[in-house]
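So that you can map any letter, position 44 of the sequence shown is 1317 in the working numbering, and since no number is skipped, the others follow by simple counting. Beta carbons: idealized from backbone N, C-alpha and C, even for Gly. Please read the structure below before turning to the comments.
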Amino acid sequence: MQDDVGGIIDGLGSADAEVAEEALDDFFDSVWHQGTVYPETVTVVPGLVELAVTEGVHNRSHLLRILGGICDPEESYGDDQPAVRAAVVAHAARLEQLLDDPDPELRDLTAYVLGQCGDRAALTGRWPLETDPQVRASLLMGLGSVDLAREAALTEPFPVPVAAALVYARAGLPLPSETIIPIAAAFGAAEPWDSPWPGQDGALSEVLELLDGASAGALTVALTSAPGGKRQPGVRSRLRAAEAMADRFESKRSAPVELMPRLRELLTDDDAEVRAAAMQAVTHAGAPSAAVADILAEMAQGTADEERWNGPAHLALNVLARLGDPRWREPLIAAWEAGQDPSVVSTLGDFPPPFDPVVLAAARRRLRVLTAQPMPQANAVIALVVLLRNWGPAAADAAEDVLAARFAAPWIVPATLAGMGERALFAVPALTAQADRGQVRDGHAVWRLTGDPGPLVRAGRQLLTDPRGRLQWELELLADAGPAAAPLVPLLTPWLTGRAAPNYEGEDQIAAARVVWRATGDTAAVLPTVDAALRTGDSPARSAAKFATELPDVTSLVPALRKAVSGDWGVVDAARALWRSGTPVDDLVRPLLTAAADTYVHTEAVDLLVEMNATSALPGLTALATQDNRVVQGSAALVWKDDRLRRQLHEAIRTLRRG
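See the structure below:
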């Protein structure tokens, strides 16, 4: 790659603008790809600096942006990032001359590079001389001076007050009250601040996310309301405030409660775009959005007339469903009758409502319409079937409709029918016919409905005779056949190599081991493979740890389980297996508390701590329950998961305190 890098530098310095542009594209493809830096990134730094200071070179501003970005830990990633930054710092002095360049864009981006390098002396020297507001904003960010920020917020034009707000926010300090109004005015400018300094979500989102609650609230009020309760005339301020609220809601548990009065105002704003942005923010608010449920219910009435799934009416309907507010029913039924399939149906799959015969009847009608189409919308069919599956036997009236949907939703229909109980027995012949064609899920449904493992085993034999693709899910169902699957063991034994296969193949391998063990009870046959998978530190370790919780004696697996419990995969199940094998509870508390703060395994970790009566975990659980920063964050859906986690944490604390 070294020769390629040299060619890229030569191309960047070409007098031909097209060649220089192509070299820039190559740089982003190979030397700084989607934020990742490499050893080669270190080697190009001297060349980039030389080109950046040379008059007549094309794309000098881009080169400076690159030099600052590869220094910026918010913009670049990888093991080599510290070395890359050190290389830029070592050559930063050559760039100082550009602070006096006639081109303000070059001065602006030079301040960004030097700020990332910590070159305060050069920036301080330029501060009293610089007159361009864009450059002064960049200088202020590089200096990070709160004292300068206060004065700049009060006296200087856009975008300097925006930079001042970022300086305060990044320093973890509240905004001085006298700066709120000028800062809010700057955030309402015609165009947002175009600079590499703010994060990807923009300056206002970062400021509102980092500020204390009081400052965030005061700034939001200034952005959305004028003294005396009158709205500010600028739509931009209100629009940007609504958009930034969503980001603060994602990170701070207290934010939705504190800012809900402002959000309520924006939901009824005169401007449709502001109302839409406010509705987007509500989806990020979680449980506190119940405070505006009346407004949401009114908005949701327009679902049938709104074509966009992410329009305000559809979003309002989704929030009502997440809240468990029954006012989602009528708009959903109206949308079905109008030939629509709102996204709320999928939401109801994740937030199951109580059984409702009126909704059942409407869902059946819609399902019949969809399955009568030559090419039905599979996702819409699946969402409807999942809704019915969650109601189990109560939805058995729809069993025939569900069976008719099998061609559109073959993965979910068999399990749904099995969950409906004896009133779905009529489907056994059809399910058996599919099982005899090698469909394991249909065979599993027959077993659940009748107790007969024959169709399941026959489907498994076909699957294993000609295995294709990923088999983990089918093998896990096949394991339920127990000893009846013994005839299949010779087909599975070759998978038990005692060596871990990588990734998905390793997960299939553990699923095969489970079938063998449940069929034969032969622990010795599977232990070497399970041990190897536990030591991978990858996804097979998760599958192996879960399987280990089923085994009666895991003594030989203890070293591998200890490795897994200190890793990233299968921590909770590894801890459970160790606990059952005699490991003291207190030895497992630390990794389980770490897992409790993990976006994907938090629920299981908390449940296990309660099951183990791990009272020594109380301080850690209390900290997770009471901290303002969300444990689970990153999207609107995860906000609701964090709300669930917080409720679970408080219940776990109460249970453990009761002893």
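* For residue 1902, does the three-state DSSP call read helix, strand or coil? -> strand
* To do: Going by CA-CA distance only, name the one from 1898, 1788 and 1530 that's closest to residue 1746.
  => Of the candidates 1898, 1788 and 1530, the one whose C-alpha sits nearest the C-alpha of residue 1746 is 1788.
* Asked: Which two residues bound the contiguous alpha helix (DSSP H) that contains residue 1380?
  -> 1377–1390
* To do: Flag this pair as yes or no: are the beta carbons of residue 1411 and residue 1385 separated by less than 8 Å?
  => yes
* To do: Could you tell me the distance, in whole angstroms, from the CA atom of residue 1519 to the CA atom of residue 1576?
  => 22 Å
* To do: Reducing DSSP to helix, strand and coil, say where residue 1875 ends up.
  => helix
* Mark residue 1350 as exposed unless 16 or more other C-beta atoms lie within 10 angstroms of its C-beta, in which case mark it buried. => exposed
* From residue 1685 to residue 1649, what distance separates their C-alpha atoms? -> 15 Å
* In chain order, what residues of the same chain lie with their CB nearer than 7 Å to the CB of residue 1660, ignoring the 5 residues before and after it? -> 1618, 1621, 1622 and 1636
* **Residue burial classification, residue 1311 (beta-carbon count within 10 angstroms, cutoff 16)** => buried
* Asked: What's the C-alpha gap between residue 1897 and residue 1925?
  -> 11 Å
* Proximal residues to residue 1893 (C-beta, below 6 Å), its chain only, five neighbours per side dropped -> 1866
* To do: Just tell me which of 1307, 1278, 1805 and 1294 has its CA closest to the CA of residue 1315.
  => 1278
* So, is the C-beta of residue 1786 closer than 8 Å to a C-beta in chain D? -> Included in the structure is just one protein chain, with no chain D present.
* Close-in-space but distant-in-sequence residues of the same chain around residue 1773 (CB under 6 Å, 5 per side omitted) -> Spatial neighbours of residue 1773 in its own chain (CB-CB distance under 6 Å, excluding positions within 5 residues in sequence) are listed in chain order as 1779, 1805, 1806, 1809 and 1813.
* Chain-order list of residues whose beta-carbon lies under 8 Å from that of residue 1548 (same chain, five-residue window excluded) -> 1539, 1540, 1541, 1542 and 1585
* Determine the DSSP secondary structure at residue 1350, reduced to helix, strand or coil. => strand
* Asked: In the DSSP assignment, what residue or residues form a beta bridge with residue 1309?
  -> 1306 and 1350
* The alpha helix (DSSP H) enclosing residue 1450, as first and last residue numbers -> Segment: none, residue 1450 is in no alpha helix (DSSP H) and carries neither H nor E.
* **Local conformation of residue 1504 per DSSP, three classes** => With a pLDDT of only 49 at residue 1504, under 50, the local geometry of the prediction cannot be trusted, and the value read off the model is given with reservation. Residue 1504: coil per DSSP, three-state reduction.
* Using DSSP bridges, identify the partner residues of residue 1525. => According to DSSP, residue 1525 bridges with 1902.
* Asked: Whose C-alpha, out of 1368, 1759, 1516 and 1570, is nearest the C-alpha of residue 1396?
  -> 1368
* In this structure, does DSSP put residue 1824 in helix, strand or coil? -> Three-state DSSP puts residue 1824 in coil, outside helix and strand.
* Asked: CB-CB under 7 Å to residue 1408, same chain, minus the five flanking residues each way: which ones, in chain order?
  -> Same-chain partners within the cutoff: 1377, 1380, 1381 and 1384.
* Hey, quick one: how far does the alpha helix (DSSP H) through residue 1485 stretch, first residue to last? -> According to the DSSP assignment, residue 1485 belongs to no alpha helix (DSSP H), since it is labelled neither H nor E.
* Kindly indicate which three-state DSSP category residue 1598 falls into: helix, strand or coil? => In the three-state reduction of the DSSP assignment, residue 1598 falls in the coil class, being assigned neither a helical nor a strand state.
* Asked: Counting only runs that start and end within the stretch 1518–1566, where is the alpha helix (DSSP H) found for 4 or more residues in a row?
  -> The stretch 1518–1566 contains these whole alpha helix (DSSP H) runs: 1528–1540 and 1545–1556.
* Asked: Given residue 1777, which residues of its chain have a CB within under 8 Å of its CB, disregarding the five upstream and five downstream residues?
  -> 1743, 1745 and 1812
* **Same chain, Cβ closer than 8 Å to residue 1246, five either side skipped, listed in chain order** => Past the boundaries of the shown model lies residue 1246; the chain is included only from 1274 to 1932, so the question cannot be answered.
* **Nearest to residue 1463 (by Cα), restricted to the options 1431, 1289, 1345 and 1529** => 1431
* Beta carbon of residue 1732 nearer than 8 Å to that of residue 1769 -> No, the pair does not count as a contact, with Cβ atoms beyond the cut-off.
* To do: Select from 1535, 1528, 1663 and 1712 the residue whose C-alpha is nearest the C-alpha of residue 1560.
  => Put simply, of 1535, 1528, 1663 and 1712 the residue whose alpha carbon is nearest the alpha carbon of residue 1560 is 1528.
* **Distance CB(residue 1690)-CB(residue 1672) smaller than 8 Å** => yes
* Asked: For the alpha helix (DSSP H) that residue 1623 lies in, which residues bound it at each end?
  -> 1617–1623
* Tell me whether residue 1450 is buried or exposed, calling it buried when 16 or more other Cβ atoms sit within 10 Å of its Cβ. => exposed
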